[in-house]
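First up is the structure itself, then whatever we jot down about it.
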Amino acid sequence: MGTAVKTVIYLDVLLLVNFLVAYLLLRAVGFVCGTSPGFWRTCAGAALAALSALILLAPPLPAALSLLYQATSAAAVCRAACPFRGWRCFARQTVWYFLLNLGLAGAVLLALSRDLPLGAQTNNFAVYWAVSPTLLAGCALLVYLTLRLVVLVFGGPKETECWQLQLSLNGAELPPLTALLDTGFLLRDPLSGQAPVLASYTSMRGAVPEAVAVFLEEFFAGACPEPPPGVPIRLIPCKTAGGMRTLPAVGGFSARLSGTGKVRQASRVLVVFTDQTLTDASVQALFGTEFYHTARPVQRQFAQAGRERSAAE
């Protein structure tokens, strides 16, 4: 008659190993997504991940509920470890961390299905592997190094591209803004099809012309103000994280983009104002690739003028 073998789980080993594994996986996620967290934030996320592994000791849950728990804990870990740079980036970090965890656990389950003597115990999509912590941490390190190799061969994620945006209206220049080139920026004017610039009014309060400022203040306060005479203003529906909104757009701006040795300029620019803070408050404006390609490069004009002067001489 066979004797059932019970695996003894040591909490200190369970927490320490999961902390080390989560730390390496979070570094891998940050490297792949181009948002590497700092040391202390990574440690905070790894500590939360280690605590979430205690679900292994809970009574068995339905598969759907266990999977939901793992996905929710992955989101909480990424939120604690990675700086918030928008919901899209946060979702990408969570998916990567969730998939890496499932992949690591799946490798152990695959070995179990081949009857390899690992001494592993599974419960609620959590896996306890009764081997040395050095070996398990080494497996996570191997995952991290593999991802670094993949990024080295195929190229890493493109870094955030910030520009200095100089707006002017009716000859009056506004203070320069830090603008982010967002490849997923899809906002456009439904009437003209024009690709606008989205600017945070909270960052520009006191800089826009007085007539426009009065209109924007009253609009964001919930009133229905009359547009100032001589200034083209329209309302544009915009889909945000909080749902559909109607935002005021002011036309007739001139724009000049400067950054990374390149200068581009555009006229008759439509600027959509929002009373919300953009990204992490270090950016005051957003624009898309369509607006970027609409703006004319200034260097070519200067180079052509230089050649014409040389030919004349």
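All you need for my numbering is the position in the sequence shown, starting with 1, plus 12.
All C-beta atoms in this analysis are idealised placements derived from N, C-alpha and C, irrespective of residue type, glycine included.
Query	Result
Segment contact flag, the segment 81-88 with the segment 24-43, C-beta cutoff 8 Å, min 3 pairs	no
Proximity winner among 31, 261 and 103, relative to residue 204 (alpha-carbon distances)	261
Minimum C-alpha distance to residue 175 - residue among 104, 191 and 183	191
The alpha helix (DSSP H) enclosing residue 63, as first and last residue numbers	51-64
As assigned by DSSP and simplified to three states, the class of residue 270	strand
Sequence-distant residues of the same chain with beta carbon closer than 6 Å to residue 179, five excluded per side	186, 265 and 267
Any 3 or more C-beta pairs closer than 8 Å across the segment 34-51 and the segment 109-116	yes
One or two residues paired with residue 175 in a DSSP bridge	191
Residue of 181, 275 and 235 minimising C-alpha distance to residue 222	181
Which of helix, strand or coil DSSP assigns to residue 302	helix
Residue 256 burial status per 10 Å Cβ neighbour count (16 or more: buried)	exposed
Contacting residues, own chain, Cβ-Cβ under 6 Å from residue 129 (five flanking each side not counted)	Interpretation of residue 129 is limited by its pLDDT of 49, a score under 50 that renders its predicted location unreliable; no figure is taken from the coordinates.
Enclosing beta strand (DSSP E) for residue 211 [first to last residue]	209-212
Range of the contiguous alpha helix (DSSP H) that encloses residue 82	75-93
Sequence-distant residues of its chain with Cβ nearer than 6 Å to residue 64 (five each side left out)	85
8 Å contact criterion, which residue 240 and residue 231 should meet: CB distance rounded	Contact flag wrong, Cβ pair sits at about 12 Å.
Closest Cα partner of residue 59 within the set 154, 88, 207 and 76	88
Meets three-Cβ-pair contact criterion under 8 Å: the segment 72-79 and the segment 46-55	no
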